[in-house]
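Step one of this worksheet: look at the structure below.
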Amino acid sequence: MRQIILDTETTGLDPQQGHRIIEFAGLEMVGRKLTGKHLHLYIHPQRAIDPEAQRVHGISLEFLEGKPAFAAVGREIADFLRDAELIIHNAPFDVGFLNAEFAKVGIEPVGQLCANVIDTLAEARDMFPGKRNSLDALCDRFEIDRSNRTLHGALVDCELLSEVYLWMTRGQESLAMDIEVELPGGDAGAIQFERKPLKVLGANEAEEAEHRAYLDALDKTVKGACVWRVLEQAAQAEG
Numbered sequence: 001m002r003q004i005i006l007d008t009e010t011t012g013l014d015p016q017q018g019h020r021i022i023e024f025a026g027l028e029m030v031g032r033k034l035t036g037k038h039l040h041l042y043i044h045p046q047r048a049i050d051p052e053a054q055r056v057h058g059i060s061l062e063f064l065e066g067k068p069a070f071a072a073v074g075r076e077i078a079d080f081l082r083d084a085e086l087i088i089h090n091a092p093f094d095v096g097f098l099n100a101e102f103a104k105v106g107i108e109p110v111g112q113l114c115a116n117v118i119d120t121l122a123e124a125r126d127m128f129p130g131k132r133n134s135l136d137a138l139c140d141r142f143e144i145d146r147s148n149r150t151l152h153g154a155l156v157d158c159e160l161l162s163e164v165y166l167w168m169t170r171g172q173e174s175l176a177m178d179i180e181v182e183l184p185g186g187d188a189g190a191i192q193f194e195r196k197p198l199k200v201l202g203a204n205e206a207e208e209a210e211h212r213a214y215l216d217a218l219d220k221t222v223k224g225a226c227v228w229r230v231l232e233q234a235a236q237a238e239g
């Protein structure tokens, strides 16, 4: 399955109030590996940027002068996303903006364009209920280096999200990328993403005790050895 890790930056919070996309980034992943194919665009919103939004992403209207409007790049974005499964942190936000922009230029919505949408924020909330599940918090939880992320930027956020997604889906890959991008300060250069090897942590004594207690409870429920115990005993017999 072709997957696209996707992020956008916008002029504000609500497309229904006329806010627009000003940055789009997508990284292609196939077989749980980044292919190196990506799409990264700055887009002129044809309106002002809310000061609160600019403080988050650092993109000014002055920087966007001369950049194309969405009408000029919407088809390119749609073609890049077509038939892919999208991986997005807080998907309703980005999908809502994309659908609003696509509607303005006569392009079908994401639900028709793409095979599926995975919301990593919703999945993180299921995995870690009651905990902070922002992208920053997940990077800290999985010990993913985010020192390159001084501001919210769509391309850097996509790269971080790719590592978070692999962790959340039990992937053990380490990713490295070297992508030429234009930065909001006006400079162009290569951002080198290098990540330290991912750690596999064994259970401690307390966790092993909790696991045994859980299996004991399962044994009582099934009135015998649960499947895990049967497999465990078989493995010990073979060893």
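Residue numbering for the sequence shown follows the UniProt record's numbering, starting at 1 and increasing by one per position. Ideal Cβ positions, reconstructed from N, Cα and C, are used throughout, including at glycine. Nothing here was measured: the structure is a model prediction, and the numbers come from that model.
Anticipated Cβ contact below 8 angstroms, residue i with residue j, distance rounded
{"i": "F142", "j": "V164", "result": "6 angstroms"}
{"i": "L166", "j": "R32", "result": "6 angstroms"}
{"i": "Q46", "j": "R20", "result": "7 angstroms"}
{"i": "I87", "j": "L160", "result": "That belief does not hold up - the Cβ atoms of I87 and L160 are roughly 12 angstroms apart, past 8 angstroms."}
Endpoints, the alpha helix (DSSP H) within which residue i is located
{"i": "T120", "result": "120-127"}
{"i": "G74", "result": "70-81"}
{"i": "H44", "result": "Taken as a continuous stretch (DSSP letters only), H44 belongs to no alpha helix (DSSP H), as it is neither H nor E."}
{"i": "F63", "result": "61-64"}
{"i": "R55", "result": "51-57"}
{"i": "D140", "result": "135-141"}
{"i": "V154", "result": "The sequence shown places Ala at residue 154, rather than the Val named in the question. Run containing A154: 154-168, per the alpha helix (DSSP H) assignment."}
{"i": "G224", "result": "Careful: G224 lies outside any alpha helix (DSSP H) and carries neither H nor E."}
DSSP beta-bridge partners of residue i
{"i": "I88", "result": "D119"}
{"i": "T10", "result": "I21"}
{"i": "H38", "result": "L27"}
Same chain, Cβ closer than 6 angstroms to residue i, five either side skipped, listed in chain order
{"i": "A25", "result": "D7, H40, A154, L155, C158"}
{"i": "H38", "result": "L27"}
Rounded C-alpha distance that separates residue i from residue j
{"i": "A48", "j": "T35", "result": "35 angstroms"}
{"i": "P68", "j": "A124", "result": "35 angstroms"}
{"i": "E9", "j": "F102", "result": "16 angstroms"}
{"i": "G66", "j": "L121", "result": "34 angstroms"}
{"i": "T169", "j": "F63", "result": "37 angstroms"}
Same chain, Cβ closer than 7 angstroms to residue i, neighbours up to 5 away in sequence not counted
{"i": "D136", "result": "R146"}
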